[in-house]
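Please read the structure below before turning to the comments.
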Ligand code: F7E
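Residue numbers (our numbering): 881 to 1209.
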């Protein structure tokens, strides 16, 4: 059930406002009339971003600094807190597991502790960005909120702590805390560390220059990709529920990296894409989840949400944005 809010102006704090999802969520909330505080470890980098959303009040802060987090919440008095902060590259998490643990686990522990101690005034609602990487290898059978978590990577393990604590602070300390088990969400704002951006950038360059090469890892890996702009709608809807809960947010459809690559080149009118692409399985990370697909029935039923951008539409959106970027540079 969705709450009927009585106040006109709600206030939200977004930890991790500089990332892709931070941009789409702040745009959504500003559009809904929220006052939005965006927290960043480096606010000066936010003001130089081309993709910053105007109207966001940017504060400096890091979830691992408990006192600073406390100050931010005192200053902003939020109705809603969205935690999109942390380290997000699965491949890089092998190089520095402690950094991932600090950013993705310890910081969330700090925030939940502070929230559980708020006894007067507005008790903010909390959203935690969890990840499909927490499941580990699940094959082509769709997973849901009750599927056991068996992460294969330091990144996945760091997210399991945060997700589990979100549930326990909800169950035992009465925090209005919800966790979104987010499957891969993409947009033109992704960095080249992620496969969709890497493919689109190289393919557009090849299309414009007539030559070039794209070196990938495992082409057979399959992912459940959605558009980040759709995913932030689900994130917002989660905090509009009277009862906090966990929700799988996914398209429910698997595609391989090969299908994505082929689709990108096809959209650019290149059918013989294999001429330009090489692949080395597990060249880029010691192990990989080969396939993971989500069952979002609960989100559909309780939130009225579904991933509304199809795989082909997502490819079109990403490639056309990359074309615009490379032809105006
Ligand atoms: O890889 C394969 C790679 O790095 C997707 C993050 O948002 O989603 C993301 O994690 C697949 C993997 O994303 C290359 O091995 C092949 O199987 O785009 P990705 P990810 O690792 O799935 C989850 C849900 C998160 O929570 C994360 O924060 O593509 N792949 N060749 C490649 N991947 C990369 N990056 N580069 C390649 O050349």
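Just so it is clear, CB atoms sit at the ideal spot from N, CA and C, and this is done for glycine as well.
Review point. Comparing the CB of residue 1063 with every heavy atom of the ligand F7E, is any distance shorter than 7 Å?
Key: Reading the chain shown from its first residue, position 183 is the one you call residue 1063. Checking every heavy atom of the ligand F7E against the Cβ of residue 1063, one is found closer than 7 Å.
Point to revise | residue 1170 beta carbon less than 8 Å from that of residue 1064 | key: Here the question's residue 1064 lines up with position 184 in the chain shown. Here the question's residue 1170 lines up with position 290 in the chain shown. Not closer than 8 Å, so no.
Practice item. In the DSSP assignment, find the unbroken alpha helix (DSSP H) run with residue 906 in it and report its ends. Key: As a first step, residue 906 is located in the chain shown; it is residue number 26 there, counting from the start. Run containing residue 906: 900 to 911, per the alpha helix (DSSP H) assignment.
Practice item. Just mark residue 1028 as buried or exposed, buried being the case when its beta carbon has 16 or more other beta carbons within 10 Å. Key: As a first step, residue 1028 is located in the chain shown; it is residue number 148 there, counting from the start. Answer is exposed; the Cβ neighbour count stays below 16.
Check your understanding: Using the C-alpha atoms, what's the distance from residue 1122 back to residue 882?
Key -> Residue numbering aside, residue 882 sits at position 2 when the chain shown is read from its first letter. Residue numbering aside, residue 1122 sits at position 242 when the chain shown is read from its first letter. Unreliable placement is indicated for residue 882, whose pLDDT of 48 sits below 50; the coordinate value is still reported in the next sentence. Between residue 882 and residue 1122, the C-alpha separation is close to 6 Å.
Review point. Where does the unbroken beta strand (DSSP E) through residue 1100 begin, and where does it stop?
Key: Here residue 1100 is taken as the residue at index 220 of the chain shown, counted from 1. Counted as a single uninterrupted DSSP element, the stretch harbouring residue 1100 is not any beta strand (DSSP E), since DSSP gives it neither H nor E.
Review point. According to the Cβ coordinates, are residue 1046 and residue 982 closer than 8 Å?
Key: The residue given as residue 1046 occupies position 166 in the chain shown. The residue given as residue 982 occupies position 102 in the chain shown. No; because the gap between Cβ atoms is not below 8 Å, this pair is not in contact.
Review point. Within 7 Å: the Cβ of residue 1168 and any heavy atom of the ligand F7E?
Key: Numbered from its first residue, the chain shown carries residue 1168 at position 288. Yes; taking the cut-off as 7 Å, the Cβ of residue 1168 has a heavy atom of the ligand F7E nearer than that.
Review point. Roughly how many whole angstroms lie between the Cα atoms of residue 1167 and residue 972?
Key: The sequence position of residue 1167 within the chain shown is 287, counting from 1. The sequence position of residue 972 within the chain shown is 92, counting from 1. Their backbone Cα atoms lie some 12 Å apart in a straight line.
Exercise for review: Report the rounded CA-to-CA distance for residue 926 versus residue 908, giving the unit in angstroms.
Suggested key: By one-based count along the chain shown, residue 926 stands at place 46. By one-based count along the chain shown, residue 908 stands at place 28. Cα to Cα, the separation comes out at about 18 Å.
Point to revise | Proximity test, residue 914 beta-carbon vs the ligand F7E heavy atom, cut-off 7 Å | key: On the chain shown, position 34 is the one that residue 914 refers to. Every heavy atom of the ligand F7E is 7 Å or more from the Cβ of residue 914, so no.
Check your understanding: Between which two residues does the beta strand (DSSP E) containing residue 915 stretch?
Key -> Numbered from its first residue, the chain shown carries residue 915 at position 35. Start and end: 915 to 920.
Check your understanding: Going by DSSP, what residues sit across from residue 891 in a beta bridge?
Key -> Locating residue 891 in the chain shown gives position 11, where the first residue counts as 1. Per DSSP, 915.
**Study point:** Exposed unless 16 or more other CB atoms sit within 10 angstroms - verdict on residue 900
**Key:** On the chain shown, residue 900 is found 20 positions in, with the first residue counted as 1. Classification for residue 900: buried.
Exercise for review: Indicate whether the contact test is met: 3 or more Cβ pairs, each with one atom in the stretch 1178 to 1195 and one in the stretch 1124 to 1142, closer than 8 Å.
Suggested key: yes
**Study point:** Any non-hydrogen atom of the ligand F7E within 7 Å of residue 1046 CB
**Key:** Indexing the chain shown from 1 puts residue 1046 at position 166. Result no, Cβ not under 7 Å from the ligand F7E.
Review point. Which partner residues of residue 1126 appear in the DSSP bridge assignment?
Key: Counted from its first residue, the chain shown places residue 1126 at position 246. In DSSP, residue 1126 forms a bridge with 1059.
Review point. Whose C-alpha, out of 1147, 1133, 994 and 999, is nearest the C-alpha of residue 1177?
Key: Along the chain shown, read from residue 1 onward, the residue named residue 1177 stands at position 297. The residue with the shortest Cα to Cα distance from residue 1177 is 1133.
Check your understanding: If residue 1199 and residue 1137 are in contact, beta carbons under 8 Å, what's the gap, nearest whole angstrom?
Key -> Start at 1 with the first residue of the chain shown, and residue 1199 comes out as number 319. Start at 1 with the first residue of the chain shown, and residue 1137 comes out as number 257. 15 Å between Cβ atoms; not a contact.
Check your understanding: residue 1009 lies in the alpha helix (DSSP H); which residues open and close that run?
Key -> Within the chain shown, numbered from 1, the residue matching residue 1009 stands at position 129. Premise fails: residue 1009 lies in the beta strand (DSSP E), 1005 to 1011, not in any alpha helix (DSSP H).
Point to revise | Three-state secondary structure assigned by DSSP to residue 1171 | key: Here residue 1171 refers to the residue found at position 291 of the chain shown. Residue state, collapsed to three classes: strand.
**Study point:** Reduced DSSP secondary structure (H/G/I, E/B, other) of residue 1193
**Key:** The count along the chain shown starts at 1 and reaches residue 1193 at position 313. Residue state, collapsed to three classes: helix.
Review point. Residue 1032 and residue 1016 look like a contact to me (Cβ under 8 Å); what is the Cβ gap, rounded to whole Å?
Key: In the chain shown, residue 1032 corresponds to position 152, counting from 1. In the chain shown, residue 1016 corresponds to position 136, counting from 1. Taking C-beta atoms under 8 Å as the contact rule, residue 1032 and residue 1016 qualify, at a distance of about 4 Å.
Check your understanding: Going straight from the alpha carbon of residue 951 to that of residue 965, what length do you get?
Key -> Along the chain shown, one-based indexing puts residue 951 at 71. Along the chain shown, one-based indexing puts residue 965 at 85. Near 17 Å, if we compare the C-alpha coordinates of residue 965 and residue 951.
**Study point:** Closest Cα partner of residue 934 within the set 898, 941, 960 and 949
**Key:** Taking the chain shown and counting its residues from 1, the one referred to as residue 934 is at position 54. Selected option, being the one with the closest Cα: 898.
**Study point:** Coarse secondary structure for residue 1107, derived from DSSP in three states
**Key:** Residue mapping note: residue 1107 aligns to position 227 of the chain shown, counting from 1. Residue 1107 falls in the strand class under three-state DSSP.
**Study point:** For residue 938, the residue or residues it bridges with in DSSP
**Key:** On the chain shown, residue 938 is found 58 positions in, with the first residue counted as 1. Answer by DSSP bridge pairing, in chain order: 918.
Exercise for review: Report the residue ranges of all alpha helix (DSSP H) runs contained in full by the stretch 932 to 1002; include only those spanning at least 4 residues, in chain order.
Suggested key: 946 to 956, 977 to 981 and 987 to 996
Practice item. Name the residue from 1155, 1013 and 1109 whose alpha carbon lies nearest to the alpha carbon of residue 1174. Key: Your numbering for residue 1174 matches position 294 in the chain shown. The shortest C-alpha separation from residue 1174 is found at 1013.
Check your understanding: Hey, quick one: how far does the beta strand (DSSP E) through residue 1157 stretch, first residue to last?
Key -> The count along the chain shown starts at 1 and reaches residue 1157 at position 277. 1157 to 1159 is the extent of the beta strand (DSSP E) around residue 1157.
Review point. Who are the near neighbours of residue 915 in its chain, counting only those whose CB is closer than 7 Å to its CB and skipping five residues on each side?
Key: Counting from one through the chain shown, the residue named residue 915 turns up at place 35. Same-chain partners within the cutoff: 889 and 891.
Exercise for review: Can you grab the Cα-Cα spacing for the pair residue 1201 / residue 1149, in whole Å?
Suggested key: Walking along the chain shown from the start, residue 1201 turns up at place 321. Walking along the chain shown from the start, residue 1149 turns up at place 269. Each residue's Cα considered, the two are about 16 Å apart.
Exercise for review: Measuring alpha carbon to alpha carbon, tell me which of 1094, 948, 1078 and 1069 ends up nearest residue 1230.
Suggested key: One cannot answer for residue 1230 here, as it falls past the ends of the chain, which runs 881 to 1209.
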